[in-house]
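A short worksheet on the structure shown next.
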Amino acid sequence: MRKRRLSLIAGAALAGLALAGCSPAGGSTDDGNANQVEVFTWWASGSEKVGLDALVSVFDEQNPDVDFTNAAVAGGAGSNAKAALASRLEANNPPDTFQAHAGAELTDYIEAGQLQDLSSFYEENGLNEALPPTLIDQLTSDGKIYSVPSNIHRANVTWVNVEVLESAGIDPNVAPADMDAWIDDLTELKDSGVETPLSLGTEWTQMQLFENVLIADLGAEGYTGLWDGTTAWDGPGVATAVDHYDQLLDFVNTDYAGLDWDAATQLVLDGNAGYNVMGDWAEAAFVQAGQTYGTEYTTWATPGTEGVFDFLADSFTLPEGAPHEAAAIDWLTTVSSAEGQKAFNIAKGSIPARTDAIASDYPAYQQTALKSFGEDTVVSSLAHGAAAASSWSADLSSAIGRFGVDRDGDALIAATVSAASSALG
């Protein structure tokens, strides 16, 4: 059978139509052909699309008779896609499979009965042995597993422009020991004439920076305790983190609220900023720009977080009522395969979820991430759905966004306490 490629990438301007079911991304693509799979993601452009294309190439090789339908929805760092997906699920019109962050983000889908249990898929494909126990724990809810991870991303990475730092007399290869030392270097960078020492973007990138500061000031155990109630949101550690975060905002670009992650990262790429805290999907952007790790740019664990791996994972689900369930399982098989994970992660900048990866097969940055994930204390990312359920994360995101405007630390702490109380009861 000749493979056809169907593409239904919807831009941000179409997201509203998708909600109403009036655009291609808002409705089923079933044309009577049972040999097709509709895959719903937010990997619609840039380095993320490059990773998806690499994974699809392996899927095509492994399943030459299945037509792949790309139902990606662009814009909003996934928020547009999640809104369009919610509309489809509510209308009992699911895609065959959809992207979601592993961990707490899946809770709402599970409680709504919208996902199938994939525990038997794990057993049949040996995934309980192929994936690390810490990841299996993240994926398990009440003894069941509801998604298949395609990768592991690290969220506590600081991206460094080597030339910008060297021009200011700062060694780019030595990470500051803690937040106070980093703030000293940021001050030195600004005093040297660098207008934007630290680049920043829209609300979710602000939340990711804030979670990095929480990890730095609370440590792995204290940070993890925020999500089960053993660490107080109105305690001294959070107060210190809020103060440090407030100081960091003095060094960021004034237009940060209107920039998505790639534009914020581009400031470092272009030499218009010294640092950016971003997940390692940024690696693909540096590679595509022709830059060499250790020469034009380098990375460290965000100051104060050395020895901690701030974890998130992209994963794929099997929705209840998937129109082409057999083909969806074929997709999940490719996603979980060693071949699929290698192709995808080399392109995307992340590392494979499987433990049988060979480090030397990967570029320099991924080799550092593989080492860290195997050795460091793993914590769950707030900004990327692993630490807290969607409603709790949304409350915190709103509070952090307001803080960027009013810089009222007491109000931010009060809002985090209120959000935790609502989430934990």
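Quick note: the sequence shown, position 58, residue 54 per the working numbering, numbers continuous. Note that the Cβ used here is the ideal one computed from N, Cα and C, for glycine as well.
- Here the segment 122 to 131 lies against the segment 141 to 151, with 3 or more beta-carbon pairs under 8 Å apart.
- In the displayed model, Gln95 falls within a strand according to three-state DSSP.
- The segment 145 to 153 and the segment 317 to 324 do not touch, with fewer than three beta-carbon pairs separated by less than 8 Å.
- Note: Pro128 is not bridge-paired with any residue in the DSSP secondary-structure output.
- When rounded, the separation of the alpha-carbon atoms in Val153 and Asn31 is 41 Å.
- Between Thr261 and Asn272, the gap from beta carbon to beta carbon is short of 8 Å.
- Scanning its chain for C-beta atoms nearer than 6 Å, with the 5 sequence neighbours on each side dropped, one finds no residue around Gly189.
- Taking every protein chain shown into account, the CB of Glu34 has 16 or more other CB atoms within 10 angstroms, so this residue is buried.
- Annotation: Ala67 to Phe36 spans about 5 Å, alpha carbon to alpha carbon.
- Boundaries of the beta strand (DSSP E) harbouring Tyr293: 293 to 297, taken from the DSSP string.
- By the C-beta density criterion, Asn169 is exposed, having fewer than 16 other C-beta atoms within 10 angstroms.
- Under the 8 Å Cβ criterion, the segment 41 to 55 does not count as touching the segment 78 to 90, having fewer than three qualifying pairs.
- Closest in alpha carbon position to Val156, among Glu292, Pro90, Thr412, Asp306, is Glu292.
- A distance below 7 Å between beta-carbons, with the five flanking residues on each side excluded, links Thr294 to the following residues of its chain, in chain order: Val156, Val158, Pro168, Asn169.
- By the neighbour-count criterion, in which a residue is buried when 16 or more other Cβ atoms sit within 10 angstroms of its Cβ, Pro232 is exposed.
- Under DSSP, Arg150 takes part in a beta bridge, and its partners are Phe307.
- Taking C-alpha positions only, Glu279 is separated from Thr226 by approximately 35 Å.
- If you look at Gln32, you'll find it in the beta strand (DSSP E) that goes 32 to 36.
- Contact between the segment 93 to 103 and the segment 380 to 387 is present: three or more C-beta pairs spanning the two stretches fall below 8 Å.
- Nearest C-alpha to Thr351 among Gly254, Ala419, Glu119, Leu131: Leu131.
- In the structure shown, Ser41 falls within a coil segment according to DSSP collapsed to helix, strand and coil.
- If you ignore the 5 residues before and after Gly254, its C-beta comes within less than 8 Å of the C-beta of Thr198, all in its own chain and listed in chain order.
- A distance below 7 Å between beta-carbons, with the five flanking residues on each side excluded, links Gln243 to the following residues of its chain, in chain order: Ile179.
- Between the C-alpha atoms of Thr136 and Thr93 there is a straight-line separation of about 18 Å.
- Straight-line measurement puts the Cα of Val234 at about 38 Å from the Cα of Gln112.
- For Tyr271, the enclosing beta strand (DSSP E) covers residues 271 to 273.
- By alpha-carbon distance to Ser393, the top candidate from Val62, Ser75, Gly42, Val46 is Ser75.
- For Gln58 and Ala334, the gap between their C-alpha atoms comes out near 12 Å.
- Just so you know, the alpha carbons of Thr236 and Ala353 end up roughly 39 Å apart.
- When Ser414, Asp406, Ala365, Ser41 are compared, the shortest CA-CA separation from Ser387 is found for Ser414.
- In the DSSP annotation of this structure, Phe64 is not part of any alpha helix (DSSP H); the continuous beta strand (DSSP E) holding it starts and ends at 63 to 66.
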